[in-house]
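Report on one structure; see the data block that follows.
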Amino acid sequence: MHITAEEIALMYKARWQIELFFRWIMQHLNIPTRFGTTENAVYGQLFSALIVYVLLKTMYDRVSLRVPKHEALEFVRFARLLLLNKLAAHWRYLLYTLNMKDIFHS
18 MHITAEEIAL
28 MYKARWQIEL
38 FFRWIMQHLN
48 IPTRFGTTEN
58 AVYGQLFSAL
68 IVYVLLKTMY
78 DRVSLRVPKH
88 EALEFVRFAR
98 LLLLNKLAAH
108 WRYLLYTLNM
118 KDIFHS
């Protein structure tokens with residue numbers, strides 16, 4: 018079997034993109050352990066984490082546009098406070114008034 022240097026470089030580049038993707042997942046999606054080792058279990062956990070991330074990020078982006086600069090939060094802090102139910106009243110009110118159609122149809 019003969020593989021050219023260019024093919025090896027392309028394989029390495031593809032592998033590196035996969036490594037970067039998994040690094041991003043571990044940094045942003047907070048998946049400390051996997052619930053299972055089967056392919057379906059890994060995909061289920063990964064897709065669930067991605068869905069939660071996209072929903073939180075969308076909510077954050079929509080609400081942060083309406084928050085004064087002195088009340089601004091970083092996304093990570095917003096997500097943590099929301100999940101701990103310790104978000105400031107103004108942020109909670111803006112989330113409450115946020116309509117789901119505003120999220121998906123803008």
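What the sequence shown shows, in the working numbering, is residues 18 to 123, in sequence order.
The beta-carbon is built from N, C-alpha and C at its ideal position, and this holds for glycine as well.
These figures come from a predicted structure and were not determined experimentally.
Using the Cβ count rule (16 or more neighbours within 10 Å means buried), how would you classify Trp41? Within the sequence shown, numbered from 1, the residue matching residue 41 stands at position 24. The residue is exposed, with fewer than 16 neighbouring Cβ atoms inside 10 Å.
Exposure of Tyr77, with buried meaning 16 or more beta-carbon neighbours within 10 Å: Against the sequence shown, residue 77 aligns to sequence position 60. Per the 10 Å Cβ criterion, buried.
Candidates Ala66, Phe52, Thr55, Met28: which alpha carbon is nearest Gln44's? The residue you call residue 44 lines up with position 27 of the sequence shown. Selected option, being the one with the closest Cα: Ala66.
Near Glu88, which residues of its chain fall below 8 Å by C-beta distance, leaving aside the five closest residues on each side in sequence? Here residue 88 refers to the residue found at position 71 of the sequence shown. These residues qualify, in order along the chain: Ala105, His107, Trp108.
If you draw a straight line from the C-alpha of Val124 to the C-alpha of Leu27, how long is it? Lying outside 18 to 123, the shown extent of the chain, residue 124 is not represented and no answer is given.
So which of Val80, Pro85, His19, Leu63 has the shortest CA-CA distance to Tyr113? Here residue 113 is taken as the residue at index 96 of the sequence shown, counted from 1. For Tyr113, the nearest C-alpha among the options comes from Val80.
At what residue ranges does the region 38–88 contain a whole run of the alpha helix (DSSP H), taking only runs of 4 or more? 56–81
From this set, Asn47, Lys30, Leu73, which residue's C-alpha is nearest Leu63's C-alpha? As a first step, residue 63 must be located in the sequence shown, where it is residue number 46. For the residues Asn47, Lys30, Leu73, the minimum Cα distance to Leu63 belongs to Asn47.
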